[in-house]
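Colleague: Mind having a look at this structure? Questions to follow.
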Amino acid sequence: KKNKILISACLLGCKVRYDGRDNLIDNDFIRHLQQQGRLIPVCPEQEGGLPTPRAAAEIQDKFPLRITSTDGEDVTPQFLSGAEKTLEIAQREGCCCALLKSRSPSCGNLEVYDGNFTGTLKAGSGATADELMRNGFPVYNERQLDQLIEFIELLDGCEPDTQRRAS
Ligand code: SF4
């Protein structure tokens with residue numbers, strides 16, 4: 003049985019972004035994984051109970067975590083709950099890794115916006131990416147597809163079935 007991959011739902015074309023749009027990625031390997039039924043789409047912000055569309059949010063502080071939206075609401079509880087539920091889904095489904103949308107306050111794995119709502123990026127990761135990485139899940143973003151593909155092909159190649167066929 004092939005490993006499953008958790009994926010940000012917006013990368014698969016679900017219109018779950020804060021502005022009601024998506025971030026569909028056009029890639030043959032991802033389509034192939036989807037056809038094999040190996041992708042588990044999740045939108046952590048929806049899992050955490052936030053509506054779509056919703057006000058954009060940015061991380062204000064990391065320790066302790068504080069995330070606010072452009073309308074001034076503290077949405078930290080929803081982001082934390084979404085992160086927890088997403089981790090549960092990844093564990094339940096036996097995902098080997100996650101492909102998450104870059105730069106999101108939930109899904110970003112390498113950089114996030116700096117909290118001033120001016121489009122300025124800084125190094126850091128979102129609430130869900132953090133939770134997954136803390137629990138041992140490798141997290142890639144849609145700009146790291148080559149690395150993701152290499153990782154999955156390596157895992158697929160190590161499966162006992164494949165090894166038996168090759169010997
Ligand atoms: Fe996409 Fe993640 Fe934002 Fe949901 S929380 S819209 S999956 S980037």
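Numbering-wise, the sequence shown is residues 3 to 169 according to UniProt numbering. A virtual CB, placed ideally from N, CA and C, is assigned to each residue, including glycine. A quick note: this is a predicted structure, and the numbers were derived from the prediction, not measured.
Going by DSSP, what residue range makes up the beta strand (DSSP E) through D63?
Modeller: Start and end: A59 to D63.
Colleague: Buried or exposed for E49, please, with buried defined as at least 16 other CB atoms from any protein chain shown within 10 angstroms of its CB.
Modeller: It counts as buried.
Colleague: Answer yes or no: the CB of L87 versus the heavy atoms of the ligand SF4, is any distance below 7 Å?
Modeller: Here the sequence assigns Lys to residue 87, which means Leu is not the residue at that position. For the ligand SF4, not one heavy atom lies less than 7 Å from the Cβ of K87.
Colleague: For the alpha helix (DSSP H) containing T88, name the first residue and the last one.
Modeller: Residues T78 to R94.
Colleague: Could you give the distance in angstroms between the alpha-carbon of H34 and the alpha-carbon of T54?
Modeller: Computed Cα separation, rounded: 28 Å.
Colleague: C99 by DSSP, collapsed to three states: which one?
Modeller: C99: strand per DSSP, three-state reduction.
Colleague: How many angstroms separate the CA atom of C141 from the CA atom of Q149?
Modeller: Residue 141 is actually Val in this sequence, not Cys. The alpha-carbon atoms of V141 and Q149 are separated by roughly 10 Å.
Colleague: What residues come near the ligand SF4, if near means a beta carbon less than 6 Å from any of its heavy atoms?
Modeller: Checking every Cβ against the heavy atoms of the ligand SF4 under 6 Å gives S10, A11, C12, V18, R19, C45, P46, E47, K103, S106, S108 and C109.
Colleague: Checking 8 Å against the spacing of the C-beta atoms, do C97 and L8 come in under that value?
Modeller: A contact, by the Cβ cut-off of 8 Å.
Colleague: Go through its chain and collect everything with a Cβ distance to R68's Cβ below 6 Å, but skip five positions before and after it.
Modeller: The answer, listed in chain order, is Q62 and T78.
Colleague: May I ask which residues mark the beginning and end of the beta strand (DSSP E) holding L41?
Modeller: Run containing L41: L41 to V44, per the beta strand (DSSP E) assignment.
Colleague: Assuming L101 contacts S10 (C-beta within less than 8 Å), just tell me the rounded distance between them.
Modeller: Confirmed, Cβ separation roughly 7 Å.
Colleague: For the beta strand (DSSP E) containing A125, list its first residue and its last residue.
Modeller: Start and end: L123 to A125.
Colleague: Starting from the C-beta of C45, find all residues in its chain whose C-beta is less than 6 Å away, skip the five residues before and the five after it, and write them out in chain order.
Modeller: Hits under 6 Å: A11 and V18.
Colleague: Taking only three categories from DSSP, how would you classify T164?
Modeller: A caution first: T164 carries a pLDDT of 49, below 50, which makes its placement in the model unreliable, though a value can still be read off. Three-state result, T164: helix.
Colleague: Within a Cβ cutoff of 8 Å, which residues of the same chain sit near D132, ignoring the five residues on either side of it in sequence?
Modeller: So the list reads A85, once near-sequence residues are dropped.
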